[in-house]
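Asker:
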Amino acid sequence: MRFFRLQTGGQLPCLEVATTITCFGRDMIDFTRREVEKMFCRDNQHACNATVIYGDTDSVMVDFGDFSIAEAMKLGEEAAQALSEKFVKPIRLEFEKVYCPFLLMNKKRYAGLLYTRPEKYDKIDSKGIETVRRDFSLLVQTMADTVLRKMLIDKDVEAAKEYTRRKVAELLQNKIDLSLLVQTKSLGKMDYDTRLPHVELAKKLRKRDAGTAPSVGDRVSYVVIQGAKGQAQYERAEDPLYVLENNLPIDTQHYLEGIKKPLCRIFEGVMSNPESLFSGSHTMKRTVSISTQGALSKFVQRGVQCVGCRSVIREGALCRRCQENEAEIVVNKMAEMAEKEKEHSDLWTECQRCQGSLHQDVICINRDCPIFYRRAKVKKDIGTLEERLSSLSLSSDW
Numbered sequence: 000m001r002f003f004r005l006q007t008g009g010q011l012p013c014l015e016v017a018t019t020i021t022c023f024g025r026d027m028i029d030f031t032r033r034e035v036e037k038m039f040c041r042d043n044q045h046a047c048n049a050t051v052i053y054g055d056t057d058s059v060m061v062d063f064g065d066f067s068i069a070e071a072m073k074l075g076e077e078a079a080q081a082l083s084e085k086f087v088k089p090i091r092l093e094f095e096k097v098y099c100p101f102l103l104m105n106k107k108r109y110a111g112l113l114y115t116r117p118e119k120y121d122k123i124d125s126k127g128i129e130t131v132r133r134d135f136s137l138l139v140q141t142m143a144d145t146v147l148r149k150m151l152i153d154k155d156v157e158a159a160k161e162y163t164r165r166k167v168a169e170l171l172q173n174k175i176d177l178s179l180l181v182q183t184k185s186l187g188k189m190d191y192d193t194r195l196p197h198v199e200l201a202k203k204l205r206k207r208d209a210g211t212a213p214s215v216g217d218r219v220s221y222v223v224i225q226g227a228k229g230q231a232q233y234e235r236a237e238d239p240l241y242v243l244e245n246n247l248p249i250d251t252q253h254y255l256e257g258i259k260k261p262l263c264r265i266f267e268g269v270m271s272n273p274e275s276l277f278s279g280s281h282t283m284k285r286t287v288s289i290s291t292q293g294a295l296s297k298f299v300q301r302g303v304q305c306v307g308c309r310s311v312i313r314e315g316a317l318c319r320r321c322q323e324n325e326a327e328i329v330v331n332k333m334a335e336m337a338e339k340e341k342e343h344s345d346l347w348t349e350c351q352r353c354q355g356s357l358h359q360d361v362i363c364i365n366r367d368c369p370i371f372y373r374r375a376k377v378k379k380d381i382g383t384l385e386e387r388l389s390s391l392s393l394s395s396d397w
């Protein structure tokens, strides 16, 4: 069957045979649905009215009603055995698994807790959901996975909603780690009929440094930054390291739209208006990074900010209000520094393990790895904290 799907790639394609196989498959699924619903019903002295809720390719999913996992497995095995006797050999049906709970979004898109034994679930099984595709950012994958866990394992829909609102607020306030926003796509060739973000970025990187620029066959990592009104997305794709080094503002609206569609699809089955999770009071506050690049940056002088409250001051390190709590601010910044240094050490050790030695410097430049960008971000954060602590020590009288 797999061979005849390759109508243009196979050596002996035959559309008629492929269509016939598909037609027979549909008839078998339809026959299975009718027989299951006829056999497992109260009119036939069964304790439930079974309903086939989904069937596709080589599987049929049956809702037997309010039964335990063990009872559902027993009914599934009974149905498989009864239906196998109605088909011509060697065709037979096998009981495979139980989903409980089960979230069916639409055709080829579903998720559920998978059981192959009644004692404990095996895993969350998802199909067609944006949790594994590399051309989606890690933010989409992480949020979809966490929402499913809260809904399916914890069975707490409200917690899933609150988590989504919190992450939306963090995104708009520029609190999401850059490594979660990186998208990667394979560079098949340098010239396409349409202008694609990763292709245009590869050309841009080649102009900056041809020695380190991605080549055909490599995966290109990029983030989408803010640009002028109406500027195309392919013009706003930028290298994540370049964004970190130059503090370029991320296009948070682009990423908000990116998480909205897959998450709304998940929430549609449990709430009437999933779009409300992406609007409201939690989306009012927005933070934008101040770029150190661009034409205007040459004419803009950045004011001195208070280390404690980040308000603009004329001179020194602390505003008048924060000077009263100088010792507490110093302690907090030192604790923050220790936390960042530990994070950098943990990431460094993880990269050393990946290299196979804990006694050598990390030489990895794999830009397809999220830890690569997390290391760069933490290193920059440590440098910023060092500057702030230095300014505090210079302005301190003790």
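Residue numbers for the sequence shown follow numbering that gives the first Met the number 0, beginning at 0 and rising by one. The C-beta atom is built at its ideal place from N, Cα and C for all residues, glycine as well. Keep in mind it's a predicted model, so treat the numbers as computed, not measured.
#1: Using the three-state DSSP reduction, which class does S136 fall into: helix, strand or coil?
#2: With 16 as the cutoff for other CB atoms within 10 Å, does G382 come out buried or exposed?
#3: So for Q230, helix, strand or coil by DSSP?
#4: How far does the alpha helix (DSSP H) with Q354 in it extend, from its first residue to its last?
#5: With V377 and K332 assumed to form a contact (beta carbons below 8 Å), what rounded beta-carbon distance in angstroms separates them?
#6: Strictly by DSSP, which residues pair up with K404?
#7: Could you tell me which of P261, K37 and L151 sits nearest to R108, measuring between CA atoms?
#8: Just list the residues that DSSP pairs Y53 with in beta bridges.
#9: Using a Cβ-Cβ cut-off of 7 Å (strictly less than) and excluding sequence neighbours within five positions of H197, which residues of its own chain qualify?
#10: If distances are taken between C-alpha atoms only, which option among R320, G355, S356 and F371 comes closest to H343?
#11: What residue from Q225, I224, A227 and A201 has the CA that sits closest to G216's CA?
#12: Measure from the C-beta of D42 to each C-beta in chain B and report whether the shortest distance is under 9 Å.
#13: Alpha carbon to alpha carbon, what distance is there between G355 and R373?
#14: So, with DSSP's three-state summary, where would you put M104?
#15: Who pairs with E237 in a beta bridge, going by DSSP?
#16: Is DSSP giving V287 helix, strand or coil here?
Answerer: Result, derived from the coordinates:
#1: In this structure, S136 counts as coil in the three-state DSSP scheme.
#2: Under this definition G382 is an exposed residue.
#3: Looking at Q230 - three-state DSSP - the assignment turns out to be coil, as it is neither helix nor strand.
#4: That run of the alpha helix (DSSP H) goes E325 to Q354.
#5: The C-beta distance from V377 to K332 rounds to 16 Å, too long to meet the 8 Å contact threshold.
#6: Only positions 0 to 397 of the chain appear in the structure, and residue 404 is not among them; the question remains open.
#7: Looking only at P261, K37 and L151, the smallest Cα-Cα distance to R108 is reached by P261.
#8: Per DSSP, M60.
#9: For H197, same chain residues with a beta-carbon under 7 Å away, outside a window of 5 residues either side, are K184, L186, V219, Y221 and A236 in chain order.
#10: The residue with the shortest Cα to Cα distance from H343 is F371.
#11: In this structure, A201 is the residue among Q225, I224, A227 and A201 with its C-alpha nearest to the C-alpha of G216.
#12: The structure shown contains no chain B; it holds only a single protein chain.
#13: When the Cα atoms are used, R373 and G355 turn out to be separated by approximately 20 Å.
#14: Under the three-state reduction of DSSP output, M104 falls in the strand class.
#15: In the DSSP output, where bridge partners are listed per residue, E237 has V222.
#16: Note: V287 maps to coil in three-state DSSP.
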